[in-house]
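Written below as structure tokens is the structure these notes are about.
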Amino acid sequence: MKSNVVFKSKVVSRDHIEIFVSDDGQIMVRDVGSSSGTFLNRLRLSPSGRESRPYPLKNGDLIQLGVDYHGRQDGRLEDIYKCVMMKVFVSKNTREQHQIHPQRLKVALRAMLAAMNPTASNASDASTTDCCICLSALSSQQSLFLAPCSHCFHYRCVIPLLGSAIMFQCPLCRQVANLDANV
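If you count the sequence shown from 1, position 51 lands on 50 in numbering that gives the first Met the number 0, and the numbers rise without skipping.
Structure follows, in structure tokens:
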């Protein structure tokens, strides 16, 4: 299935980029020969007028179509055309409905946090099952973010803290971790 997105901008070509899902389920992007360029996380994918190879997209990637153009005539600023910037948010949606067991979720969260926290003497010392950012309980059918330091937050609460950076500083213990590092 093919869909088109149109931008009213003189720095975006008629056929600029292609975003598609590869055979293995990875979301990919490629420049299809644009004149003003496609940039992924500020790196140009291919030279002007040439197709690029496909590049995988990750959550938080920044796609830029074209570059800002400031036209001048007789020494005065005439036309300004802005590039198109897009931030990528990738989530996997399964269509299956799972049975909700809130008590099992709390027990599993406590056990997981206890296993990841070597200084905890028992499961109740490891952590609570509340998000320290919004102070609401962690419950089933919610996206959770488990920090490398074993603190757990709602994913929607931690997104503003992540921004486009790859370094994460835990709001509880201030431990800094590189989220792009191989485990």
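The beta-carbon is built from N, C-alpha and C at its ideal position, and this holds for glycine as well.
All values reported here derive from a predicted model rather than from experimental measurement.
Name, in chain order, the residues that DSSP records as bridge partners for residue i.
i: residue 30; result: 16
i: residue 64; result: 37, 83
i: residue 50; result: 31
i: residue 148; result: Residue 148 is not bridged to any residue.
i: residue 22; result: None, per the DSSP bridge assignment.
Go through its chain and collect everything with a Cβ distance to residue i's Cβ below 7 Å, but skip five positions before and after it.
i: residue 70; result: 77, 78
i: residue 45; result: 30, 51
i: residue 66; result: 10, 35, 36, 82
i: residue 169; result: 146, 148, 150
What is the residue span of the alpha helix (DSSP H) that residue i lies within?
i: residue 156; result: 154-161
On the CB-based measure, 16 or more other CB atoms within 10 Å of its CB, does residue i come out buried or exposed?
i: residue 63; result: buried
i: residue 6; result: exposed
i: residue 19; result: exposed
i: residue 165; result: exposed
i: residue 252; result: Outside the shown range of the chain (0 to 182) lies residue 252, about which nothing can therefore be said.
i: residue 28; result: buried
i: residue 39; result: buried
i: residue 12; result: buried
i: residue 21; result: exposed
i: residue 33; result: buried
For residue i, which residues in the same chain have their Cβ closer than 6 Å to its Cβ, ignoring the five residues on either side in sequence?
i: residue 132; result: 152, 156
i: residue 68; result: 10, 80
i: residue 171; result: 131, 150
i: residue 54; result: 28, 39
Might you give, ordered along the chain, the residues of its own chain that have their beta carbon closer than 8 Å to the beta carbon of residue i, omitting 5 neighbours on each side?
i: residue 190; result: Residue 190 lies beyond the residue range present for the chain, which begins at 0 and ends at 182; the question has no answer from this structure.
i: residue 141; result: 153, 154
i: residue 161; result: 59, 167, 178
The beta strand (DSSP E) that contains residue i, what's its start and end?
i: residue 58; result: Note, residue 58: premise wrong, no beta strand (DSSP E); not H, not E.
i: residue 175; result: 175-177
i: residue 167; result: 166-168
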